[in-house]
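This note's numbering puts the first residue of the sequence shown at 11, with every later residue one more than the last.
Notes for the one structure printed next.
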Amino acid sequence: MSYQKVKGTLDFYGESSRKIRYVENKVRNIVKNYGFEEIITPIFEHTEVFVRSVGDSSDIVNKEMYTFTDKSDRSITLRPEGTAAVARCFVENKLYSTPEVKKYFYCGPMFRYERPQAGRYRQFNQFGIEVFGDSSPFLDTEVIVSAYRVFKALGIENIKLKINTIGDFKSRQDYAIALHDYFEKHLDSLCSDCKNRYEKNPMRILDCKVDRNSEVLLNAPKIKDFLTDESKEYFNKILKSLDVLKIPYETDESLVRGLDYYTDTVFEFVISGNSELNGLAICAGGKYAELIKGFGGPDIPGVGYAFGLERIVSVMEKNSLFPNLVNAVDVVIISLDEDSKIESLKIANELRDLGFNIDLDYKNFSFKPQFKLADRDKCKYIMIIGEEERKSGIYTIKDVLNKTEDKLSYDEIVKKLYN
Ligand code: ATP
Ligand code: MG
């Protein structure tokens with residue numbers, strides 16, 4: 011019997027685990043400068059949390075959720091995305107009880123039953139932020155800029171920011187009626203999923219991956235003709251501030267996003283260039299005015315986004331953007347008898363307490379295998395402990411790169427390592 015990982019999942023080890031943690035740590039550091047604090051919610055929730063917020067006309071709820079009944083007959087879903095869970099937590103714990111704007115970030119695995127392919131997995135990692143409390147176009151701008159800064163810091167250049175407004179509640183109501191009337195005449199040419207969307211939420215049709223470039227979709231009514239003056243003004247202020255901040259963007263009328271809870275601002279950072287990842291979103295988000303209220307909370311708006319960490323790693327690999335991520339070994343300690351081996355354990359831990367990376371062989375007393383380990387580790391120094399060194403407290407230390415050798419006390423070795 012051979013065991014294999016579940017289709018659409020990934021193992022991370024060696025280089026790949028270092029890379030994904032490198033990206034995560036970079037993003038953590040940047041969003042901290044914006045005052046975001048980590049929020050950690052369970053990996054599973056009551057299924058209703060996602061159905062009510064993401065929406066039952068979305069692909070996520072319709073086709074992609076890992077839902078199961080637990081032993082007490084509760085319907086449970088592995089989180090397919092982060093916003094709904096964070097909003098649920100925000101309301102349940104009354105985190106709105108003080109008036110200031112609340113800024114959170116989260117990071118962790120999400121689960122979606124999708125067809126696995128490049129950049130699309132069944133378990134993947136998202137890094138997301140959510141801001142609750144203010145409705146201001148400039149807050150939306152600040153959120154978008156924080157994502158842009160992340161890409162800058164990672165060195166990623168071949169991406170495009172696409173932005174659109176899907177209007178406020180009133181704009182969307184009028185637009186939904188117009189879309190309904192329009193698609194009624196073209197039902198025959200829509201895919202079977204879109205026929206379903208037509209019934210539940212015709213705006214979802216615009217997000218269809220099958221029909222996306224068909225004549226019928228391209229000629230559909232456009233949201234811009236249905237926007238209220240407030241929504242228009244809100245959007246224009248975002249665009250104006252992005253111009254001032256010199257953040258390049260493209261407005262994209264067909265961008266509606268796959269989740270139901272968005273209002274007004276929606277945006278995506280999309281991978282450009284000619285790899286198989288071309289056109290995939292690497293970060294997506296928007297504003298949601300109704301979500302907190304929908305969970306039984308006060309009338310407080312939110313805005314946020316999520317990055318797909320695996321997609322960021324792929325783009326960075328394609329463009330050779332990773333630095334050398336090997337955690338370099340400073341010293342390999344070689345010991346020549348049992349008492350020296352014990353002494354080397356003691357010294358290794360003392361040096362590690364000072365922040366140095368120390369490796370040693372646990373089994374061998376002869377030189378050959380221990381020098382081999384030093385070679386594999388590509389360490390900077392080799393320290394040798396035998397009976398003589400133990401007794402005198404003066405150790406042999408070899409500088410591997412410069413090919414020099416010294417006899418030094420422990421304190422002198424520490425000094426050398428600090429230099
Ligand atoms: P797509 O249109 O590619 O299906 P989406 O609209 O479903 O994306 P979101 O729900 O907005 O994506 O998720 C935010 C980000 O999470 C995406 O931009 C992407 O980087 C990443 N992501 C989404 N689904 C997957 C997946 N199945 N595998 C890997 N990353 C994913
Ligand atoms: Mg999707």
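Think of the CB as a built atom: it goes at the ideal place given N, C-alpha and C, for glycine as much as any other residue.
Everything numeric in this text was worked out from a predicted model, so none of it was measured.
If the five residues before and after A384 are omitted, its C-beta is found closer than 6 angstroms to the C-beta atoms of V342, I392, all from its own chain and listed in chain order. In this structure, the alpha-carbon of F161 lies about 13 angstroms from that of N39.
Closest option to Y271, judged by alpha-carbon separation, among K172, T77, K303, K232: K303. Excluding its 5 nearest sequence neighbours in each direction, L361 has C-beta neighbours in its own chain below 6 angstroms: I368, listed in chain order. In the three-state DSSP reduction, D21 falls in the coil class, being neither helix nor strand. Closest by C-alpha distance to D421, out of K413, K378, L364, is L364.
The criterion of a C-beta distance shorter than 7 angstroms is not satisfied by D191 and V266.
Under DSSP, the beta-bridge partners assigned to D409 are Y391, T414.
Around the CB of V96, 16 or more other CB atoms lie within 10 Å, so the residue is classed as buried. Per DSSP, reduced to three states, the secondary structure at C117 is strand. R321 is not a Cβ neighbour of G138, given a cutoff of 7 angstroms. For K297, the uninterrupted beta strand (DSSP E) run begins and ends at 291 to 298, by DSSP. Residue state for H56 is assigned as strand, using DSSP reduced to three classes. Residue burial is scored here from C-beta neighbours: P311 has at least 16 other C-beta atoms within 10 angstroms and is therefore classed as buried. Here the alpha carbon of S156 sits roughly 18 angstroms from the alpha carbon of N174.
Note that the region 188 to 203 touches the region 228 to 235; at least 3 beta-carbon pairs, one per stretch, sit closer than 8 angstroms.
The DSSP-derived three-state label of Y315 is strand. As summarised for the region 326 to 379, the continuous beta strand (DSSP E) elements at least 3 residues long and confined to that stretch are 341 to 345, 368 to 370, given in chain order.
For L88, DSSP records a beta bridge to F54, Y76. Taking a cut-off of 8 angstroms for Cβ pairs, the region 99 to 118 and the region 40 to 52 touch, as three or more such pairs fall below it. When the five nearest sequence neighbours on each side are left out, the beta carbons in the same chain lying within less than 7 angstroms of the beta carbon of D409 are those of Y391, in order along the chain. In the DSSP assignment, L171 falls within the beta strand (DSSP E) that extends over 169 to 175. If the five residues before and after S419 are omitted, its C-beta is found closer than 7 angstroms to the C-beta atoms of G403, I404, all from its own chain and listed in chain order. Bridge pairing for Q183: absent [DSSP].
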